[in-house]
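Mapping the sequence shown onto our numbering, position 7 (from 1) lands on 857, and the numbers just tick up by one.
For every residue, glycine included, the Cβ atom is placed at its ideal position computed from N, Cα and C.
Remember, predicted model here, so these are calculated numbers, not experimental data.
Input: a single structure, listed below in structure tokens.
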Amino acid sequence: MHLSVIIVNYNVKYFLEQCLYSVIKAGKKIDSEIFVVDNHSSDGSKVYLEKKFPNVVFKWNTENIGFARAN
């Protein structure tokens with residue numbers, strides 16, 4: 851089984867950090883990948899999270915396109 855997890859982020863880097871730790875831990879025994887779509891956060895999410903989670907695929911939007919379109 852292969853699992854893809856898509857998480858939309860907007861200015862909640864510390865909550866996202868905890869979410870990513872949980873998803874990574876839960877997915878250790880299965881084939882999985884994690885995508886984070888950031889809706890143009892201004893809280894420093896990019897610099898903070900890219901270094902901590904090199905195996906997560908990040909997409910950094912240049913504008914807030916809303917949850918539905920980002921997902």
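Let me confirm a value: residue i is counted as buried when at least 16 other C-beta atoms fall within 10 Å, else exposed. Which label applies?
i	result
Y871	exposed
N859	buried
Under a three-way DSSP split, which group does residue i fall into?
i	result
K909	strand
I874	helix
F895	Reading off the sequence, residue 895 comes out as Ser, not Phe. It is helical.
F903	coil
One question on the structure: do residue i and residue j come within less than 8 Å of each other, judged by their Cβ atoms?
i	j	result
K879	D888	no
V862	I884	no
Confirm the yes/no value for this check: CB of residue i, any heavy atom of the ligand NAP, distance under 7 Å.
i	result
E867	The model depicted lacks the ligand NAP and carries no ligand whatsoever.
Mind reading off the beta-carbon distance from residue i to residue j? Whole number of angstroms is fine, and I expect it under 8 Å.
i	j	result
V855	S891	Not quite, the Cβ-Cβ distance comes to about 19 Å (not below 8 Å), so this is no contact.
*Touch check for the segment 907-920 and the segment 862-881: three-plus C-beta pairs under 8 Å?*
With the cut-off at 8 Å, the segment 907-920 and the segment 862-881 do not touch.
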